[in-house]
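Here's the structure, in C-alpha cells; my notes come after.
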Amino acid sequence: MKLHILYFSPTGGVRQVAQKMGHALIAHFGDVLSVSEFDFTLPQNRVVLPAFTADDVVLLALPVYAGRVPNLLLPYLKNLCGSGAKAIAMVVYGNRAYDDALVELCQLMQMADFNVQAAGAFVARHAFTDLLAGNRPDAEDYDLMFRFAQAIADKCRGRELSREGEMYSLETLKADLGKPLHYYRPKDAAGNAIDMLRVKPITTAQCNGCGICAAHCPLGSISVDNPKEVVGKCMKCCSCVRCCPQQAKAFTDPGFIYHRDDLVRCFGKTRGRCEVFV
Ligand SMILES: Cc1cc2nc3c(=O)[nH]c(=O)nc-3n(C[C@H](O)[C@H](O)[C@H](O)COP(=O)(O)O)c2cc1C
Numbered sequence: 000m001k002l003h004i005l006y007f008s009p010t011g012g013v014r015q016v017a018q019k020m021g022h023a024l025i026a027h028f029g030d031v032l033s034v035s036e037f038d039f040t041l042p043q044n045r046v047v048l049p050a051f052t053a054d055d056v057v058l059l060a061l062p063v064y065a066g067r068v069p070n071l072l073l074p075y076l077k078n079l080c081g082s083g084a085k086a087i088a089m090v091v092y093g094n095r096a097y098d099d100a101l102v103e104l105c106q107l108m109q110m111a112d113f114n115v116q117a118a119g120a121f122v123a124r125h126a127f128t129d130l131l132a133g134n135r136p137d138a139e140d141y142d143l144m145f146r147f148a149q150a151i152a153d154k155c156r157g158r159e160l161s162r163e164g165e166m167y168s169l170e171t172l173k174a175d176l177g178k179p180l181h182y183y184r185p186k187d188a189a190g191n192a193i194d195m196l197r198v199k200p201i202t203t204a205q206c207n208g209c210g211i212c213a214a215h216c217p218l219g220s221i222s223v224d225n226p227k228e229v230v231g232k233c234m235k236c237c238s239c240v241r242c243c244p245q246q247a248k249a250f251t252d253p254g255f256i257y258h259r260d261d262l263v264r265c266f267g268k269t270r271g272r273c274e275v276f277v
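To convert, note that position 42 of the sequence shown is 41 in numbering that gives the first Met the number 0; the numbers rise steadily by one, no gaps.
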C-alpha cells in the first residue's frame, strides 16, 4: 500500500508529530511500497490537490487553533477527495486543550470520502511561546505513537485490538459527530472576550527586508516587496515570528499578550494529554 503523510505546520510542531507517526506506521504496516509527504503549509502547495485511491493510507495532521481546525483552511480541506482511502485524522495542540478539533477533522474527512480508521490528538510546543509544551513531543508521546500505529495496523488487517491507557474506541469519538462545535474564546481579567481577529504582527527596526517571513507565511500575507508590511489576513500562526533571523516580527497587541501569558499561567506546569481513538 501507499502511505501519504499530509500536514499543515507553520511552526514545525505538527510536522514533527506527523513524520514520527509516519515512521511508526511504516514499521507496523510492513508492506508500505511508497511514502509521500505532502506539506500544504504554503499557499502555493494548496493549488494542486493530492490524489488518493481506496488502497492508500492517508495521515492528515493539523494544528488546533481556538479549539478547532484552523478556519482559514476549511475551503482547502473541503476540496480534498479521499476516494475511500483508509485515513488517520490527527490534531496537534499546544498544551491547553484540543476541544472540538478532532471531531471536526473526522467530520470533514468523512465528508471528503476518507474512510477514517483512527484519530489522535498529540501535543507540541505552542506556537505563541516555548513556555507551553516546549519539550513536546517527548519519549512518552513517541511511545504512544508507536502503540497507536500498531493498533491501526491491527485494525486495518482485521486483527484483534488491545486498547489501554489513553487509547479509546473510535466509536466514542464518532458519537460526537454532528454535535454543535464551538470555538474557544479567550477572555481578559474582567471576563470579557478578547478579540484578536484583526491582530497582526508588528515589524521592528531590526528588519533588514530579507523576505524570509514573506516566503514562509502560510497565507501569503506579507508583502514580498516590503516584508515590513503585513498586507493580507493574519491567522496568528507565528511562522513569521519564529522564522525571522533578526527577531523583527512580534505580536505586541495587549489582548494577545494577556492571552499568551494567561495560557502560561494556567497550563505552563501541566502535562497536556495525548489521546488516540482506534
Ligand atoms: C492561532 C493559534 C491558536 C491556537 N489555539 C490553541 C488551542 O485552542 N489549544 C491549544 O492547546 N493550542 C492552541 N494553539 C497551539 C497550537 O495548536 C500548537 O502550537 C501547534 O503545535 C502548532 O502547530 P505548528 O507548530 O505545526 O505550527 C494555537 C496556536 C495558534 C497559532
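Backbone N, C-alpha and C fix where the C-beta goes; we use that ideal spot for every residue, glycine too. Quantities reported herein were computed from a predicted structural model and do not represent experimental measurements.
Nearest-angstrom Cα distance between Asp30 and Cys273?
In this structure, the alpha-carbon of Asp30 lies about 27 Å from that of Cys273.
Which value, in whole angstroms, describes the spacing of the CA atoms of Pro226 and Lys248?
So the two alpha carbons sit approximately 10 Å from each other.
If you compare alpha carbons, which of Lys186, Val57, Leu169, Gln246 is closest to Ile201?
Taking each of Lys186, Val57, Leu169, Gln246 in turn and checking the Cα distance to Ile201, the smallest one comes out for Gln246.
Residues of its chain near Asp112, where Cβ-Cβ distance is below 7 Å and the 5 sequence neighbours each way are ignored
Only Cys80, Gly81, Ser82, Gly83 meet the Cβ criterion.
Determine the extent of the alpha helix (DSSP H) in which Phe28 is found, giving its start and end residues.
For Phe28, the enclosing alpha helix (DSSP H) stretches over residues 12-28.
Taking only heavy atoms of ligand 1 into account, decide whether any of them is closer than 6 Å to the Cβ of Val34.
In this structure, the C-beta of Val34 stays at least 6 Å away from each heavy atom of ligand 1.
In whole angstroms, give me the CA-to-CA distance for Asp55 and His125.
Straight across, the Cα-Cα distance linking Asp55 with His125 is about 31 Å.
Hey, Leu359 and Asn78 are a contact pair by Cβ (cut 8 Å); roughly how many whole angstroms apart?
Residue 359 cannot be examined here, being either before or after the span of the chain that is shown, 0 to 277.
Would a C-beta distance cut-off of 7 Å place Gly231 and Ser220 closer than the cut-off?
In this structure, Gly231 sits near Ser220, with a CB-CB distance shorter than 7 Å.
For Val91 and Gly12, believed in contact at Cβ under 8 Å, the rounded distance:
Gly12 to Val91, Cβ: 6 Å. Contact.
Reducing DSSP to helix, strand and coil, say where Gln246 ends up.
Coil at Gln246, not helix or strand.
Does the distance between the C-beta of Cys212 and the nearest non-hydrogen atom of ligand 1 fall short of 6 Å?
Placement of the Cβ of Cys212 at a distance of 6 Å or more from every heavy atom of ligand 1 is found.
Note down the Cα distance separating Val34 from Lys1, rounded to an integer number of angstroms.
Answer to the nearest angstrom: the Cα atoms are 6 Å apart.
With a cut-off of 8 Å, do at least 3 Cβ pairs link the region 265-272 to the region 126-140?
Between the region 265-272 and the region 126-140, the count of C-beta pairs closer than 8 Å reaches three or more; the two stretches touch.
Is it the case that the Cβ atoms of Gly93 and Val275 are separated by a distance below 7 Å?
No, the Cβ-Cβ distance between Gly93 and Val275 is not below 7 Å.
DSSP state of Phe145 mapped onto helix, strand, coil:
It is helical.
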